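Mapping to our numbering: the sequence shown position 78 is 185, numbers consecutive.
Below you'll find the structure, written out as structure tokens, and then a few comments.
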Amino acid sequence: MIVGLSMLLGACGAGTAPVAAVHAATRSTAPKVLAETTSTTATATTTTTARCGRAALDCPRSYPAPPPVPCPPHPTTPTMNGSFCGPIPPPGNGLGPNGECTGAETAPPCGTGVVVGRYYAYTLPGTCDGVIVFDGRRWDSELPPDRRVPDMNVWMRLGGASGAGFISPNGAVGFRPDSGAPPPSCDAAG
Numbered sequence: 108m109i110v111g112l113s114m115l116l117g118a119c120g121a122g123t124a125p126v127a128a129v130h131a132a133t134r135s136t137a138p139k140v141l142a143e144t145t146s147t148t149a150t151a152t153t154t155t156t157a158r159c160g161r162a163a164l165d166c167p168r169s170y171p172a173p174p175p176v177p178c179p180p181h182p183t184t185p186t187m188n189g190s191f192c193g194p195i196p197p198p199g200n201g202l203g204p205n206g207e208c209t210g211a212e213t214a215p216p217c218g219t220g221v222v223v224g225r226y227y228a229y230t231l232p233g234t235c236d237g238v239i240v241f242d243g244r245r246w247d248s249e250l251p252p253d254r255r256v257p258d259m260n261v262w263m264r265l266g267g268a269s270g271a272g273f274i275s276p277n278g279a280v281g282f283r284p285d286s287g288a289p290p291p292s293c294d295a296a297g
């Protein structure tokens with residue numbers, strides 16, 4: 108779903124109610140118009156706020172995000188260019204349930220030896236702490252779930268010493284080396 112919305116506030120919002128306008132080309136003589144644009148695609152939401160000149164036409168406008176690049180026929184390597192393209196990820200090869208990495212593995216992708224830039228089939232555990240084992244190290248999710256969720260098969264990739272991430276038909280999330288800090292809190296089911 109693609110959404111474009113402009114919210115125009117007159118006179119710096121001083122005592123006036125917001126007026127919603129979708130792709131409006133309406134002129135306004137109100138000074139200092141505040142424009143807020145929000146674009147949503149299946150994978151991202153962006154909000155931009157800017158001060159502009161006297162006329163609403165001088166303000167940035169919101170337009171639908173461009174459509175994602177179409178997938179090539181029969182892709183063999185996973186990619187994420189606005190949307191996921193590639194084979195559906197199979198379960199990982201870890202020793203844990205559903206192929207999850209436990210930390211006892213010696214071969215990649217759970218154990219050391221992961222090649223930077225290469226995608227590996229990986230079972231992402233649905234625990235709410237967001238901590239995983241990949242390339243023999245612990246990693247913290249940049250977007251951990253707030254409760255237990257089902258395990259998910261993903262394509263995991265090492266971007267270098269300071270970052271890793273997954274892509275899948277369900278989206279993409281990055282990971283950073285484990286900081287050793289206590290994991291985020293979540294409900295008792297996590």
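Cβ coordinates follow ideal geometry from the N, Cα and C atoms, glycine included.
Keep in mind the model is a prediction, meaning the values are calculated, not measured.
* **Whole-angstrom distance between CYS208 and GLY201, CA atom to CA atom** => On the sequence shown, residue 201 is found 94 positions in, with the first residue counted as 1. On the sequence shown, residue 208 is found 101 positions in, with the first residue counted as 1. Cα to Cα, GLY201 sits roughly 4 Å from CYS208.
* Where DSSP assigns a beta bridge to PRO198, which residues make up the other side? -> Position 91 of the sequence shown holds residue 198. Beta-bridge pairing links PRO198 to no other residue.
* **Within the stretch 248-285, ranges of the alpha helix (DSSP H) (whole runs, at least 4 residues)** => none
* Is there contact between the stretch 227-236 and the stretch 173-192, where contact requires at least three CB pairs shorter than 8 Å? -> no
* Could you say which of GLY193, VAL221, MET259, ASP247 lies nearest to GLY281 if we only look at CA atoms? => Your numbering for residue 281 matches position 174 in the sequence shown. Of the candidates GLY193, VAL221, MET259, ASP247, the one whose C-alpha sits nearest the C-alpha of GLY281 is ASP247.
* Asked: Which same chain residues, not among the five before or five after GLY203, have their C-beta less than 6 Å away from its C-beta?
  -> Here residue 203 refers to the residue found at position 96 when the sequence shown is read from its first residue. So the qualifying residues of the chain are THR209.
* Neighbourhood of PRO197 by C-beta distance below 7 Å, restricted to the same chain and skipping five residues each side -> Taking the first residue of the sequence shown as 1, we reach residue 197 at position 90. So the list reads ALA228, ASN260, once near-sequence residues are dropped.
* Going by beta carbon distance, what residues of the same chain come within less than 6 Å of GLY199, once the five residues before and after it are set aside? -> Reading the sequence shown from its first residue, position 92 is the one you call residue 199. Once the five neighbours on either side are set aside, the close Cβ partners of GLY199 are GLY206, ALA228, TYR229, THR230.
* Thinking C-beta only, is PRO257 closer than 9 Å to CYS293? -> Residue 293 sits at position 186 when you count from the first residue of the sequence shown. Residue 257 sits at position 150 when you count from the first residue of the sequence shown. No, the Cβ-Cβ distance between CYS293 and PRO257 is not below 9 Å.
* Asked: Would the C-beta of PRO171 count as close to the ligand GDP, meaning under 8 Å from any of its heavy atoms?
  -> Among the components modelled here there is no ligand, and therefore nothing to report on the ligand GDP.
* Asked: Expressed to the nearest angstrom, what Euclidean distance is found between the alpha-carbon atoms of PRO216 and VAL222?
  -> For the purposes of this step, residue 216 is identified with residue 109 of the sequence shown, where counting begins at 1. For the purposes of this step, residue 222 is identified with residue 115 of the sequence shown, where counting begins at 1. Going by the C-alpha atoms only, they are around 9 Å apart.
* Asked: Going by DSSP, what residues sit across from PRO230 in a beta bridge?
  -> Here residue 230 refers to the residue found at position 123 of the sequence shown. The identity of residue 230 in the sequence shown is Thr, whereas the question assumes Pro. THR230 pairs with ASN260.
* Residues in its own chain within less than 7 Å of PRO284 by CB, not counting five upstream and five downstream? -> Taking the sequence shown and counting its residues from 1, one reaches residue 284 at position 177. Hits under 7 Å: ARG244, TRP246, SER269.
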